[in-house]
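The next block holds one structure in the form of C-alpha cells; read it before the comments.
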C-alpha cells in the first residue's frame, strides 16, 4: 500500500512582507521545510505551486518556474494549482495523487501569495472577481465580505446567532495568533474591540475579517518507504474529500451552510474511516468569523445551528472538546491566498507531532484541515493521522 | 491494475471566437466530449480546468468555478492547473494521477483560453511575462518569439539548419490544418509565402509563429473498469514524463535543444515500455517552427541536428516514418494556451481510434504528445496506446 505522508514543513512569516520578494518569501518557507525533513532539492521529484492570482497581484505570469528555479529545483517537473482560497489544499491533493499514482516518490508543495504588492482595493477587487463577474461582480460590485455578510445574516435569522458569537471566534483566533511567531496579527483582542470595530459589510466588522497578508508555506510529501527513511514522525494523509456547490450565490440551497464542505467532509471521513468525534485538532477556513461557525456545523462537529454554542462554551479552545485554529487561523495568522491551505497542513503536522508548545492541542492523534474557495465552489477536507 | 483511459474527447472550434463567451466555448468542447463518451455530467467525479492566464486575458479571476457550473457539473469538486503553454498536459497528468490514486473514477479535463479578449500586444505581453520578469522581460522586453529566434540561430549555427527548413514545418502543418475543420488557419501555404512573410524576430517570420487563438478542448478520463463500460475504443495513457530546465534563458546548457523535454520523453518511454521508433503518430509543441525540429530531436526520433533532414525527407508527413501534427499543430490549428495540451490528447485519441479520415496516420497504434511551457520550464510527454 503506497501510503503518503508529510515529511517536512516550513513557513515564510506571514504579514506585510515588503522586505522580501515573491521568490524570497517562497525560499523562506521551502528552506525551512528542507531543514525540517533533512533532505535537499535533489530529493524532490516534482513541485506543485499553489499561487492563486499571480497576474493580478504581481508582474509575473506563470510564476512557478522562476520560483522553482530559485529554490534550486532546476530540472524537476512542476505545475501550478489554483482553486481560489482553497488552492493550497488542492495542491496537497494533487501531490498526494501523483505519489499514490506511482508517478513520483517525493513532492514539494509550495504555497505563496504576496497580497500587498498591489493596493488593498486592488487586492479586494482581484478576489471579488473570483465570483461570477458576469452575474455578480460586474453588475453588483459585491465583494466576499458582502457574500459572507449575507451568510451571517441568514445564520442569525435561522439560528439566533449573534454578533457576539461572531466576535468570540475572532477573540479566540487572535489569542492563539498572538502566540504564533509566524502570524500576521499578533495581538489579543476583546469582544468589545470586535464589536466596536469599523463595519465592513454588516454584520461583519473589521475584526470579523481576515487581513490582507503576504506569506508562504511549504509541505514535502513522500511515499511510505521514503517517508520512514526521511523521518521518525511521518504524518499520514489518510482521508481526502473534494466537492463544490453552485457558483452563482443566488442559486445556493442554504445560505447558512456550505454544502460543498459538508460533502467534502463526508468523503474524507469515509476514506479515513473516522468519525467527526475522532478529530483531535482542526484547521478550518475562517476567512470571516461566520465561516468558522459554519465550518463546525459543516464538518459535523455539531448539528446545524449549534456552531455558536461551541464557541460560547469554549469547546474549540485548548481544553475544550476540539481545539480549532490554534495557529490563529486565517483571521489572525493571515490569509495569503495560495499559501493558506498549505499552511493549514503545516500546522496540523506540527500539532500531530506535538511541537506547538503553549498552543499545543492535547493528545492530538488525528487532525483535519478544511479549506473553502469562494463561497463553496472549491471545498477540500483532508484528514491526517500520526 | 487501475489503468487510465481516454473515453471521450471534444473541441470548441479554434479561431478568433468573438461569437462566444469564455464559458460558451468551454461548453462547445465539453458537450462534444460528453456526446463522444455517451455519458453526462453526473458521471464526472472531478473536473480539472487548464486555463493559463485568466486575470490577464479576461475579467474573471479563478474562472474554473463559473465554467464548471455552466457545464452542469455543480457539486463536483474542481481545481485549475497552470504550466504556461503546457497547462493542458499538466492537467491531463493531474487527472491521470487522481484516478490512478483511487480518489476518483472519472475526471473531466477542460482546456480553455480566449486570447483575443485583449489586444494582440496585450496577449503577447502577458505571455512574455511568463519569462523571468526580474531578469528577462522587464530589463530586456524580450518576447517568446525572441527566445525561440535565438534557439533557431543556435540550431542554424550548430547544425546548418536553414530558413527553408523552418518554412517546411509551416508548410506541412498548414497542409494538415487546412483539412481540419477545427483549425484556426485553414489555408495551405508555400515555402515562398513563409520566407516572404514579415520578420517577427529574425530568423522567425510571421508564418514561423503560431497565431493568437481562442479555443477549447475537453478530454474525459476514466479508470479501466469504467472505461470499458463507457466505450469500445478506450485509448490508454501508458506513459507520462515531466521535467524542466533552467528558467533563466542565459543559464541553459544548450540553446539548440530543450533538455527538459528530452528528460520528460525518457521518463515517458520508460514508463510505457516503448522506444521512440514504436511511436506511430505524434503531436509536438510547434509554437514556432524551430520548436518542431527540436522536438524531433528531443523526442529521440532522430539524433541532435537531424531534425531538418526529417522535414526535408517528408518523414513527418503521412506516408513518412512518423507523421507529426496532423491536426495542423499549434502553427495552423492555433495555440489557445490552456487548451493546447488537451487538444493534443484529443487529436491523438482520434488518430488511435482511426477517425481522422484524409489526415489519418496509417496503422496508428501508439501515439505521443509533447507539450512545452515557456522555453522548457514545464515539459510533459505522454504516450497513448490503443
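Chains as they are written, first to last, in my numbering: chain A, 10 to 395; chain B, 10 to 395.
For glycine and all other residues, C-beta sits at the position ideal for the given N, C-alpha and C.
Asked                                                                                                                                                                                   : Found
For residue 88 of chain B, which three-state DSSP category applies?                                                                                                                     : strand
Please confirm if the stretch 313 to 329 of chain A is in contact with the stretch 198 to 213 of chain A, defined as three or more CB-CB distances below 8 Å between the two stretches. : no
Give a yes or no on whether 8 Å exceeds the smallest Cβ distance from residue 23 of chain A to chain B.                                                                                 : no
So, does the CB of residue 263 of chain A fall closer than 8 Å to a CB anywhere in chain B?                                                                                             : no
Let me know the secondary structure DSSP gives residue 213 of chain A once reduced to three states.                                                                                     : strand
With DSSP collapsed to three states, give me the class of residue 136 of chain B.                                                                                                       : helix
In whole angstroms, what is the alpha-carbon distance linking residue 229 of chain B and residue 166 of chain A?                                                                        : 43 Å
Using a C-beta to C-beta distance shorter than 7 Å, which residues of chain B count as neighbours of residue 142 of chain A?                                                            : 68, 69
Any beta carbon of chain A sitting closer than 8 Å to that of residue 329 of chain B?                                                                                                   : no
Can the beta-carbon of residue 120 of chain B be found closer than 8 Å to that of residue 137 of chain B?                                                                               : no
Quick check: the Cα distance between residue 59 of chain A and residue 388 of chain A, rounded to an integer number of angstroms?                                                       : 15 Å
Buried or exposed, going by whether 16 or more other CB atoms sit within 10 Å of the CB of residue 130 of chain B?                                                                      : exposed
Are the CB atoms of residue 391 of chain B and residue 276 of chain B nearer to each other than 8 Å?                                                                                    : no
To the nearest angstrom, how far is the alpha carbon of residue 296 of chain A from that of residue 260 of chain B?                                                                     : 42 Å
Check residue 195 of chain A in the structure and name its three-state DSSP category.                                                                                                   : coil
When the Cα of residue 287 of chain B is compared with those of B:372, B:135, B:356, B:338, which residue comes out closest?                                                            : B:372
Could one say the Cβ of residue 383 of chain A lies closer than 8 Å to chain B's Cβ atoms, at least one of them?                                                                        : yes
Grouping DSSP H, G and I as helix and E and B as strand, with all else coil, what is residue 156 of chain B?                                                                            : helix
Helix, strand or coil for residue 23 of chain A, going by three-state DSSP, please let me know.                                                                                         : strand
Name the one or two DSSP bridge partners that residue 449 of chain B has.                                                                                                               : Past the boundaries of the shown model lies residue 449 of chain B; chain B is included only from 10 to 395, so the question cannot be answered.
According to DSSP, is residue 123 of chain A part of a helix, a strand, or is it coil?                                                                                                  : strand
In whole angstroms, what separates the C-alpha of residue 17 of chain A from that of residue 45 of chain A?                                                                             : 5 Å
Since residue 331 of chain B and residue 281 of chain B should fall inside the 8 Å C-beta cutoff, what is the C-beta to C-beta distance between them, to a whole number of angstroms?   : Wrong, their Cβ atoms sit about 16 Å apart, outside the cutoff.
Let me know if residue 354 of chain B comes out buried or exposed under the rule of 16 or more other beta-carbons within 10 Å of its beta-carbon.                                       : buried
Tell me which residues share the same chain as residue 356 of chain B and place their Cβ nearer than 6 Å to its Cβ, disregarding the 5 neighbours each side in the sequence.            : 292, 336
Note the first and the last residue of the continuous alpha helix (DSSP H) segment covering residue 350 of chain B.                                                                     : 346 to 362
Would you please state the rounded distance, in angstroms, between the beta carbons of residue 258 of chain A and residue 156 of chain A? I believe it to be under 8 Å.                 : 6 Å
What residues from the stretch 288 to 319 of chain A come within 8 Å of chain B, judged by C-beta to C-beta, listed N to C?                                                             : none
Rounded to whole angstroms, what's the CA-CA distance from residue 32 of chain B to residue 239 of chain B? Just pull it up for me.                                                     : 26 Å
Shorter than 8 Å from the beta carbon of residue 78 of chain B to some beta carbon of chain A?                                                                                          : yes
May I have the straight-line CA-CA distance separating residue 235 of chain A from residue 34 of chain A, to the nearest angstrom?                                                      : 28 Å
Is there a C-beta anywhere in chain B that falls below 8 Å from the one on residue 347 of chain A?                                                                                      : no
Establish whether the CB of residue 168 of chain B and some CB of chain A are separated by less than 8 Å.                                                                               : no
Closer than 7 Å between beta carbons: that is the criterion. Which residues of the stretch 240 to 265 of chain A meet it against chain B?                                               : 249, 251, 252, 253, 254, 255, 256, 257
Could you please tell me which residues of the stretch 110 to 123 of chain A, in chain order, have their CB closer than 9 Å to any CB of chain B?                                       : 110, 111, 112, 113
Assuming residue 62 of chain A and residue 346 of chain A form a contact by the criterion Cβ under 8 Å, report the distance between their Cβ atoms to the nearest whole angstrom.       : 7 Å
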